[in-house]
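K.L.:
The structure under discussion is supplied below as structure tokens; questions concerning it will follow.
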């Protein structure tokens with residue numbers, strides 16, 4: 004089943020003298036290439052709604068307004084940072100109310116939308132955005148702050164919603180955010196940790212997408228079938244493959260089951276002796 008062999012390892016001490024040590028080795032190996040547990044997109048975990056609110060509020064109080072808007076839109080729509088950075092004025096102006104979801108609107112994104120908005124894998128579709136978030140973008144589009152930035156931008160960037168103070172795009176064109184966004188997020192992360200917001204430890208922008216997707220999946224499964232939840236989440240996140248969507252469904256099923264097990268374990272096992280008995284011993 005396996006073979007053992009002797010190999011020599013050359014060691015050099017602090018005085019420069021070398022010696023050889025003979026050790027045994029074997030070709031027996033048990034691969035563990037797949038890490039345990041369900042992994043969402045990019046291997047990230049979602050935040051709780053409380054932590055998501057803390058991140059957004061911290062961005063509003065300590066970050067610049069553009070980063071605050073991006074994070075709020077990220078948590079509220081599930082759009083990737085590359086898509087958010089490529090949103091255009093006409094994209095917002097052409098938003099249409101969704102009669103199936105009162106209080107929400109649809110934004111057309113992807114290479115087939117007019118205007119074109121970058122999406123991963125070039126998927127064309129519509130994403131949901133709340134009335135509140137849509138109004139925030141509409142107000143910002145024609146604010147004095149953004150119009151000053153627009154005046155510095157070249158022709159290709161003038162219709163972008165988010166423009167840097169030097170008139171540059173925040174996106175790299177390949178779905179990644181510019182270094183400026185990374186620097187601003189790093190500063191916000193540091194500020195948040197200093198203020199005791201644990202959600203900022205290891206925080207990544209893409210967690211806003213994970214959080215939106217898991218909460219949408221949880222609500223969909225509560226009010227409908229698993230199949231309906233899969234279709235709803237896939238449509239909202241513009242997943243190219245249904246396999247990606249299913250990871251969110253399995254994640255919800257597993258975490259909800261583990262939460263129930265933990266509550267029962269705490270109640271039945273840790274409460275065996277009773278707190279008063281343990282304190283008196």
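Residue numbers (the working numbering): 4 to 284.
Just so it is clear, CB atoms sit at the ideal spot from N, CA and C, and this is done for glycine as well.
1) Grouping DSSP H, G and I as helix and E and B as strand, with all else coil, what is residue 168?
2) How would you write the range of the beta strand (DSSP E) that residue 199 sits in, first residue to last?
3) Using the rule of at least 16 other Cβ atoms within 10 Å of the residue's Cβ for burial, across every protein chain shown, is residue 105 buried or exposed?
4) Report buried or exposed for residue 121, applying the criterion of at least 16 other Cβ atoms within 10 angstroms of its Cβ.
5) Any Cβ of chain D within less than 8 Å of the Cβ of residue 69?
6) Going by other Cβ atoms of all chains shown within 10 Å of its Cβ, with 16 needed for buried, is residue 124 buried or exposed?
7) Take the Cβ of residue 284 as the centre, count every other Cβ of all protein chains shown within 10 Å, and call the residue buried at 16 or more, exposed below.
8) To the nearest whole angstrom, what separates the beta carbons of residue 251 and residue 202, a pair I think is in contact under 8 Å?
9) Only counting runs of 3 or more residues, tell me where the beta strand (DSSP E) segments fall wholly within the region 86-138, in order along the chain.
10) How is the alpha helix (DSSP H) around residue 22 delimited, first residue to last?
11) In this structure, how does DSSP classify residue 162 when only helix, strand and coil are distinguished?
12) Can you tell me the Cα-Cα spacing of residue 179 and residue 93, whole angstroms?
13) Less than 8 Å between C-beta atoms, sequence neighbours within five positions excluded: which residues of the same chain meet that for residue 118?
14) My output table needs one value for residue 204: the three-state DSSP class, helix, strand or coil.
15) Assess, as a yes-or-no matter, whether the region 54-69 is touched by the region 231-244 under the definition of 3 or more beta carbon pairs within less than 8 Å.
16) So, for residue 242: in the same chain, excluding its five sequence neighbours on each side, which residues have a beta-carbon less than 7 Å away from its beta-carbon?
17) Hey, would you say residue 191 sits closer than 8 Å to residue 43, going by beta carbons?
18) Excluding the 5 residues preceding and the 5 following residue 175 in the sequence, name in chain order all residues of the same chain whose CB lies nearer than 7 Å to its CB.
19) Pull up the distance between the alpha-carbon of residue 21 and that of residue 260, whole angstroms please.
20) Between which two residues does the alpha helix (DSSP H) containing residue 285 stretch?
21) Quick check: the Cα distance between residue 154 and residue 187, rounded to an integer number of angstroms?
22) Residue 47 and residue 207 - do their beta-carbons sit closer together than 8 Å?
23) If you compare alpha carbons, which of 263, 210 and 7 is closest to residue 84?
24) Any idea what DSSP makes of residue 278, helix, strand or coil?
25) With a cut-off of 8 Å on the beta carbons, I'd call residue 240 and residue 81 a contact; round off their distance for me.
26) What distance in whole Å lies between the Cβ atoms of residue 136 and residue 59, which are believed to be in contact at a cut-off of 8 Å?
27) How is residue 230 classed by DSSP in three states: helix, strand or coil?
28) Pop quiz: residue 79 and residue 166 are said to be a contact at Cβ under 8 Å. What is the actual Cβ separation, rounded to whole angstroms?
P.N.:
Taking the geometry as given:
1) Coil at residue 168, not helix or strand.
2) Run containing residue 199: none; DSSP gives neither H nor E here.
3) With a threshold of 16 other beta carbon atoms within 10 Å, residue 105 falls short and is exposed.
4) buried
5) Here chain D cannot be found, since the structure has a single protein chain.
6) It counts as exposed.
7) The predicted model places residue 284 with a pLDDT of 49, which falls under 50 and marks its position as unreliable, so this point remains unresolved.
8) Actually they do not touch by this definition, with Cβ atoms about 20 Å apart.
9) 107-112 and 128-133
10) Per DSSP, residue 22 belongs to no alpha helix (DSSP H); it is in the beta strand (DSSP E), 21-29.
11) Residue 162 falls in the coil class under three-state DSSP.
12) 22 Å
13) 91, 93, 94 and 162
14) coil
15) no
16) 248
17) no
18) 181
19) 58 Å
20) Because the chain is modelled from 4 through 284, residue 285 falls outside the range shown and cannot be assessed.
21) 23 Å
22) yes
23) Per the Cα distances, 210.
24) Because the pLDDT at residue 278 is just 48, under 50, the model does not fix this residue reliably, and the point stays unresolved.
25) 5 Å
26) About 11 Å separates the beta carbon of residue 59 from that of residue 136, a gap too long to meet the 8 Å contact definition.
27) When secondary structure is reduced to three states using DSSP, residue 230 falls in the helix class.
28) With a Cβ gap of about 21 Å, residue 79 and residue 166 do not count as contacting.
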